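Protein chains in written order, with the working numbering: chain Y, 1 to 233; chain C, 1 to 236. Glycine included, every Cβ here is placed at the ideal spot set by N, Cα and C. As the structure is a computational prediction, the values presented were derived from the model and not from experiment. What follows is one structure encoded as C-alpha cells, with my remarks underneath.
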Amino acid sequence: MHRWKRTLALPVTLVAIALGFLISLQAQTQKNVSAAEQISAERMTQMKSVLANSQAQNELLQKVHSKLLGELDEARKRVGTDPQLLAQLTKFQMLDGTLAVEGPGIIISIDDRGKKVLFPLTTDEISRMINTLKFAGAEAISLNGQRIVGTTAIVLSGSSTILVNQVPINRAEGVPYELSAIGNQDTLLDYFTKLEATNLQQNGLTVSIARKTVRIPSFKGAYTFKQAKPYTP
Amino acid sequence: MKLAIRERFLLGFASILLGFLFIALLKTQGVAVSRVALQEAAVPSLIQTEQENQQLSVENDKIQLELAKYAQGQSAAALANQQVQEAKMNAGLVALTGPGLRITLDDSKRVASGEEDPNSYFIHEQYIREILNALWNGGAEAIAVNGQRVTTHTEVFCGGSFIQINGTRQMPPYLIEAIGDSRNLSAALNFYGWDRLGNLQEQYGITRKLDILEMVMIPAGKLREFHYAEPVKEGT
Numbered sequence: 001m002h003r004w005k006r007t008l009a010l011p012v013t014l015v016a017i018a019l020g021f022l023i024s025l026q027a028q029t030q031k032n033v034s035a036a037e038q039i040s041a042e043r044m045t046q047m048k049s050v051l052a053n054s055q056a057q058n059e060l061l062q063k064v065h066s067k068l069l070g071e072l073d074e075a076r077k078r079v080g081t082d083p084q085l086l087a088q089l090t091k092f093q094m095l096d097g098t099l100a101v102e103g104p105g106i107i108i109s110i111d112d113r114g115k116k117v118l119f120p121l122t123t124d125e126i127s128r129m130i131n132t133l134k135f136a137g138a139e140a141i142s143l144n145g146q147r148i149v150g151t152t153a154i155v156l157s158g159s160s161t162i163l164v165n166q167v168p169i170n171r172a173e174g175v176p177y178e179l180s181a182i183g184n185q186d187t188l189l190d191y192f193t194k195l196e197a198t199n200l201q202q203n204g205l206t207v208s209i210a211r212k213t214v215r216i217p218s219f220k221g222a223y224t225f226k227q228a229k230p231y232t233p
Numbered sequence: 001m002k003l004a005i006r007e008r009f010l011l012g013f014a015s016i017l018l019g020f021l022f023i024a025l026l027k028t029q030g031v032a033v034s035r036v037a038l039q040e041a042a043v044p045s046l047i048q049t050e051q052e053n054q055q056l057s058v059e060n061d062k063i064q065l066e067l068a069k070y071a072q073g074q075s076a077a078a079l080a081n082q083q084v085q086e087a088k089m090n091a092g093l094v095a096l097t098g099p100g101l102r103i104t105l106d107d108s109k110r111v112a113s114g115e116e117d118p119n120s121y122f123i124h125e126q127y128i129r130e131i132l133n134a135l136w137n138g139g140a141e142a143i144a145v146n147g148q149r150v151t152t153h154t155e156v157f158c159g160g161s162f163i164q165i166n167g168t169r170q171m172p173p174y175l176i177e178a179i180g181d182s183r184n185l186s187a188a189l190n191f192y193g194w195d196r197l198g199n200l201q202e203q204y205g206i207t208r209k210l211d212i213l214e215m216v217m218i219p220a221g222k223l224r225e226f227h228y229a230e231p232v233k234e235g236t
C-alpha cells in the first residue's frame with residue numbers, strides 16, 4: 001500500500017471540489033436546457049398550427065374568391081350587361097392589375113443564400129430588376145406572388161423583411177425570390193440576362209430563368225383617391 | 001515532487017473528466033441558440049399569409065357587395081359603367097388634380113475637374129426611381145415625371161445622356177409631380193435618400209428642390225394593348 005503524500009492532499013482536494021462543482025453545474029444546465037427545449041418545441045408546434053390554420057383559411061378564401069368571381073360573371077351575363085362595356089372593364093382591370101392574368105413569359109428564381117454571396121439582394125436591386133422587365137415590355141409582373149402595379153413600393157421593414165404592396169415577401173423555405181413576367185419570352189429573357197442576371201451572378205447569386213406559361217395573381221391592395229380629383233379643363 | 005504511477009493516473013483521469021464536462025457544457029449552450037433561429041424563420045411566412053387573408057376577405061366582401069347590388073336589380077349598365085370609371089382611374093388613364101408637391105432635379109452646372117468622378121455631377125435614373133418608390137410608400141395617389149404619368153408599365157431607364165420614361169426621351173431638368181398628403185410625402189422622402197441628394201447638391205452642385213403645391217395637375221397615361229397576357233378564366 002502506498003502512503004499518500006501530504007503535499008498532494010491540497011491539489012487533489014481542489015480538483016475534487018472543482019469536479020463536484022462542474023458535475024452539479026452540468027446537471028443543472030442539462031435540466032434548464034431540456035426545459036428550454038421543451039418550451040421551444042411547444043412554441044414551435046403552436047406556431048406551426050397557427051401557420052397551418054392561416055394557410056387553410058387562405059385556401060378557403062381563395063376558393064370563395066374564385067367562386068364569387070364566377071358568380072359575378074354569371075350575374076353580369078344574366079342581366080345582359082353590354083359585352084363591349086365588359087370587355088372594356090376587363091382591359092382596364094388588366095391595366096390596374098386587379099385581374100389575375102396568364103400567358104407566355106419567364107420565371108426568374110434568385111437565390112442569395114450561397115456562401116459566395118457578398119451581399120444579399122437589396123430592395124434597390126429588386127426595383128432595378130423590375131424596371132428592366134418593364135423596359136423589356138413585360139405586360140404583368142409579380143414578385144413572390146405580389147402583383148407589381150404602378151403604386152407598388154418595395155421597401156425594407158426592419159433589417160431584413162422586404163415589403164411589396166405592404167406585404168412581407170420573405171420566404172422561410174425554398175427559393176427566396178421568384179419573379180414572374182408575362183410578355184415576349186425572347187425579349188424578356190435577353191434583356192434580363194444581359195442587363196441583370198450576369199451582374200447578379202458575378203456577385204455570387206444563383207439566378208435561373210425558365211420560359212413558362214405564367215399565371216400572375218391580381219393586385220389585392222387598394223387604390224385610394226382622397227386628395228386627387230379628375231381634372232376637368 | 002515525485003509522484004507514484006497511481007497518483008499520476010488519478011490526476012490525469014480527473015483532468016480529462018474536467019475537460020470533457022466543460023466541453024459538454026459549452027455544447028448544450030450552443031443547441032439552445034440554434035433552436036431559436038429556426039423558429040424565427042417561420043414568422044415572415046405567417047405574417048404573409050395573414051396579410052393575404054385580410055386582402056382576400058376585403059376583396060371577397062367587395063364582390064359580394066356587387067353581387068348584392070345585382071340581386072337588388074340595380075341597373076347593370078350603371079354599375080358596370082361605374083366600375084369602368086374606377087378601373088380607368090386606378091390604371092392612371094384619367095388626368096387628376098389635387099394638392100401635392102413638385103420635386104426638381106437637375107444636373108450640376110459645374111464640370112468635374114481632375115480626378116473627380118463626373119458621375120457625381122449628373123442626375124441618374126436611379127435617383128428618380130428611388131424618389132418614386134419613396135413617394136408611393138408615402139401614399140402618393142398619382143405621379144408624373146416631366147409630364148409622363150407613372151403607371152404599372154412605366155420604365156425609368158438610363159439611356160446614356162437621357163432617361164427613357166414611357167418610351168420617351170427625357171432630359172434634365174426632371175420635374176417629379178405627385179398628388180397626395182404633402183406631409184406624408186415629404187416624410188417618406190426624408191426617410192429614403194433625400195439627404196443623400198442634399199449632400200450631392202452641397203458637394204457637386206446638382207439641383208434638388210422641393211415645392212409644396214396647393215394644386216398639381218397630373219396628366220393621363222396612355223392606353224396599352226396586351227398581346228400576351230389574358231385574363232385567367234375563373235373556376236378552372
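For residue i, write down the residues that DSSP places opposite it in a beta bridge.
i               : result
E139 of chain Y : Its beta-bridge partners do not exist; DSSP assigns none.
E178 of chain Y : Y:S109
D211 of chain C : C:R102
Y174 of chain C : C:L105
Q148 of chain C : C:V145
M232 of chain Y : According to the sequence displayed, residue 232 of chain Y carries Thr and not Met. Looking at the DSSP assignment, T232 of chain Y forms no beta bridge with any residue, so it has no partner.
T206 of chain Y : Y:D111
R215 of chain Y : Y:E102
S127 of chain Y : Its beta-bridge partners do not exist; DSSP assigns none.
T97 of chain C  : Y:K229, C:M217
Q146 of chain Y : Y:L143
Answer with buried or exposed for residue i, where buried requires no fewer than 16 other C-beta atoms within 10 angstroms of its C-beta.
i               : result
N53 of chain Y  : exposed
N268 of chain C : There is no way to answer for residue 268 of chain C, as the model of chain C reaches only from 1 to 236.
Q48 of chain C  : buried
T154 of chain C : buried
L60 of chain Y  : exposed
First and last residue of the beta strand (DSSP E) that includes residue i?
i               : result
T168 of chain C : 168 to 170
Q164 of chain C : 163 to 165
G157 of chain C : For the sequence presented, residue 157 of chain C should be read as Phe rather than Gly. Its beta strand (DSSP E) spans residues 156 to 158.
T161 of chain Y : 161 to 164
L188 of chain Y : L188 of chain Y -> not in any beta strand (DSSP E); alpha helix (DSSP H) instead, spanning 185 to 192.
L156 of chain Y : 154 to 157
Any beta-carbon of chain Y closer than 8 Å to the one on residue i?
i               : result
D195 of chain C : no
M89 of chain C  : yes
A142 of chain C : yes
R183 of chain C : no
H124 of chain C : no
G50 of chain C  : According to the sequence displayed, residue 50 of chain C carries Glu and not Gly. By this cut-off, E50 of chain C is an interface position.
S161 of chain C : no
K109 of chain C : no
A187 of chain C : no
R8 of chain C   : no
E214 of chain C : no
G235 of chain C : With a pLDDT of 49 at G235 of chain C, under the threshold of 50, the predicted position of this residue should be treated as unreliable, though the coordinate-derived value follows. Judged by the 8 Å Cβ criterion, G235 of chain C is in contact with chain Y.
For residue i, would you say it is in contact with chain C, using Cβ-to-Cβ distances shorter than 8 Å as the test?
i               : result
I154 of chain Y : yes
G240 of chain Y : In the structure displayed, chain Y extends from 1 to 233; residue 240 of chain Y sits before or after that span and is not available.
N203 of chain Y : no
A35 of chain Y  : no
I169 of chain Y : yes
D190 of chain Y : no
I223 of chain Y : The sequence shown places Tyr at residue 223 of chain Y, rather than the Ile named in the question. Taking Cβ atoms only, chain C reaches closer than 8 Å to Y223 of chain Y, which makes this a yes.
K220 of chain Y : yes
A140 of chain Y : yes
F119 of chain Y : no
Please say whether residue j and residue i have beta carbons closer to each other than 8 Å?
i               : j               : result
N199 of chain Y : V117 of chain Y : no
A181 of chain Y : A138 of chain Y : yes
I209 of chain Y : I130 of chain Y : no
L56 of chain C  : L51 of chain Y  : no
I103 of chain C : L200 of chain C : no
V84 of chain C  : L85 of chain Y  : yes
M89 of chain C  : F225 of chain Y : yes
L188 of chain Y : A136 of chain Y : yes
L185 of chain C : N146 of chain C : no
Y127 of chain C : L105 of chain C : yes
E130 of chain C : G193 of chain C : yes
G103 of chain Y : V175 of chain Y : no
R149 of chain C : G114 of chain C : no
By the DSSP assignment, the alpha helix (DSSP H) with residue i in it spans what residues?
i               : result
V84 of chain C  : 76 to 90
T90 of chain Y  : 83 to 96
S182 of chain C : 182 to 191
I131 of chain C : 125 to 137
L118 of chain Y : From DSSP, L118 of chain Y is part of no alpha helix (DSSP H); its letter is neither H nor E.
D195 of chain C : 194 to 204
By the criterion of Cβ-Cβ separation under 7 Å, what are the contact partners of residue i in chain A?
i               : result
E155 of chain C : In the structure shown, chain A cannot be found, because the protein chains are Y and C.
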